[in-house]
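Structure first, then comments.
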Amino acid sequence: MRYRPTMAAAAHMLLRPLTALLLAGVIAACAPTDSADPTDPPPSPPASQLPAGFVHLRDLAPSVVQDIRYAGSHNFMGRPIAGYQAGECVLTRPAAQALAAADAEFRRQGLTLQIFDCYRPQRAVDDFAAWAQDLGQTQMRAEFYPRVDKRVLFDAGYIARRSGHSRGSTVDLTLRPIDAPPLPRWNATQPLADCAGPDRYQDGSLDFGTGYDCFDEKSHHGAAGITPTATRNRALLAEVLSRHGFKPYAQEWWHYTLREEPFTDEYFDFPVE
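In this text, residue positions in the sequence shown follow the working numbering: the first is 4, and each later residue adds one.
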């Protein structure tokens with residue numbers, strides 16, 4: 004006689020595999036996962052979020068040397084500037100793309116760009132202005148403005164309450180040989196040297212007649228009293244950058260702005276990080 008299970012037995016037979024599946028799911032849910040392993044490294048912090056239209060230059064031109072002076076103490080104020088949380092060059096995308104193309108051209112000549120400053124938060128500009136009005140703060144004068152009275156920095160055009168840098172398409176830069184030694188570490192204990200003198204601070208860049216942020220007439224384009232080599236280097240920098248869409252600032256050989264900058268009237272204040 005063929006066995007026929009009762010209804011209760013049949014129900015029990017159906018429930019057994021279902022119960023096993025449910026139990027397996029509970030066990031799996033309770034089991035530790037790989038991410039819970041305490042020996043795993045912590046997750047990387049999220050990348051800083053830039054406003055739309057801005058990029059880090061390192062993402063487009065990683066070989067460019069970044070020497071962002073306002074993130075440290077080797078600058079005309081002698082301390083890190085408000086808004087500079089990292090020594091990073093941030094620019095609008097068109098400016099960064101144009102700068103990367105210019106650097107590619109320079110590299111074919113055995114040179115590369117060295118960047119001093121890019122986008123500058125408005126809070127940094129405000130920091131400059133407050134410093135310029137505090138006539139007692141002159142600890143870096145011997146290097147950066149030995150022949151200029153601090154009271155005339157606004158009128159002379161060296162300090163402003165608004166800066167094209169805050170629009171994101173202006174850059175301060177120089178040139179250095181590709182095979183130059185790494186950037187030297189600035190020694191704050193050494194005596195300050197006149198930025199327009201023969202013994203000025205050497206950062207491995209080419210001779211441009213003065214150091215960066217030198218508040219002096221020798222920093223002007225077309226200045227007299229600089230060497231023929233410095234004159235040629237300024238002309239080379241201006242020629243290549245102009246070909247890639249940048250225009251110079253007459254009073255600072257290192258200062259260039261993208262002619263077709265995307266933000267012409269907007270001044271930003273997000274931090275550099």
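We put the beta carbon where it would ideally sit given N, CA and C, even for glycine.
Remember, it's a predicted structure, so these values are computed and weren't measured experimentally.
Continuous alpha helix (DSSP H) stretch holding residue i: start and end
i, result
"V243", "231–246"
"W134", "125–136"
"Q3", "This structure cannot speak to residue 3, because the chain is shown only from 4 to 276."
"L63", "60–63"
"F147", "144–147"
Residue j beta carbon less than 8 Å from that of residue i
i, j, result
"P124", "S169", "yes"
"L239", "Y259", "no"
"S172", "P265", "yes"
"A199", "D216", "no"
"A145", "D62", "no"
"D129", "T115", "no"
"L60", "C121", "yes"
"P274", "G86", "yes"
"Q140", "W134", "yes"
"V58", "A99", "yes"
"D272", "R179", "no"
"R246", "I181", "no"
"W257", "D202", "no"
Distance between beta carbons of residue j and residue i, contact taken as under 8 Å
i, j, result
"F119", "I162", "Going by Cβ atoms, the distance from F119 to I162 rounds to 16 Å, so no, they are not a contact pair."
"G207", "L186", "6 Å"
"G214", "K221", "Not a contact, Cβ separation roughly 10 Å."
"G75", "G90", "7 Å"
"R165", "Y270", "6 Å"
"E276", "Q117", "Actually they do not touch by this definition, with Cβ atoms about 21 Å apart."
Burial state of residue i (16 or more Cβ within 10 Å)
i, result
"G177", "Rather than Gly, the amino acid found at residue 177 in this sequence is Thr. Answer is buried; the Cβ neighbour count reaches 16."
"N190", "exposed"
"I84", "buried"
"T192", "exposed"
"R188", "exposed"
"E108", "exposed"
"A103", "buried"
"D268", "exposed"
"G225", "exposed"
"E255", "buried"
"I71", "buried"
"D37", "In this prediction, D37 has a pLDDT of 40, which is less than 50 and means its spatial position is unreliable; nothing more can be read from the coordinates."
"P45", "The predicted position of P45 is uncertain, since its pLDDT is 44 and thus under 50; no value can be drawn from it."
"T95", "buried"
"L261", "buried"
"L138", "exposed"
Limits of the beta strand (DSSP E) - the one that residue i falls within
i, result
"L186", "No beta strand (DSSP E) contains L186, which DSSP labels as neither H nor E."
"E255", "255–261"
"K250", "249–252"
"Q277", "Shown here, the chain extends from 4 to 276; a query on residue 277 therefore has no answer."
The ligand ADP heavy atom lying under 7 Å from the CB of residue i
i, result
"H224", "Of the ligands one can find in the structure shown there are none, so the ligand ADP has no counterpart to examine."
Touch check for the segment 229–236 and the segment 131–150: three-plus C-beta pairs under 8 Å? no
Using a Cβ distance threshold of 8 Å, determine whether the segment 66–76 contacts the segment 244–253, with at least three qualifying pairs required. no
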